[in-house]
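Residue numbers (our numbering): 1236 to 1356. Backbone N, C-alpha and C fix where the C-beta goes; we use that ideal spot for every residue, glycine too. Reading through the structure tokens given below for one structure.
In structure tokens, the structure reads:
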């Protein structure tokens, strides 16, 4: 039985990134690969709202396009893992932007009659 082909091959991605670094601009193929990586990575996450999912994917795109030059092929050859991690952090950044934590860094103390019940520690 023939081996199943992955949607994105690390060897091909690495070759496109090296070519892009030489040109100092993402090639259309590398751009397509990074967008496909973000789209497929988002399928592992669950969102209640499809607009939240699209916003998080857009944030992952932005991070991938902002930091694509930081990959150093001399230090490592696993471009797929490197860019997947950037996309995952982009999803988290998007989620935290959409749904910020309310009262981050505070502790609620109830039972006090002269205050609103929230103190910063």
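Between residue 1243 and residue 1271, the C-beta spacing is below 8 Å. Closest option to residue 1269, judged by alpha-carbon separation, among 1331, 1333, 1327 and 1317: 1317. For residue 1260, there is no enclosing alpha helix (DSSP H), as DSSP marks it with neither H nor E. Around the beta carbon of residue 1320, a 10 Å sphere encloses fewer than 16 other beta carbons of the protein chains shown; the residue is thus reported as exposed. Rounded to whole angstroms, the Cβ separation of residue 1296 and residue 1273 is 6 Å, and the two are in contact under 8 Å. If you look at residue 1289, you'll find it in the alpha helix (DSSP H) that goes 1285 to 1302.
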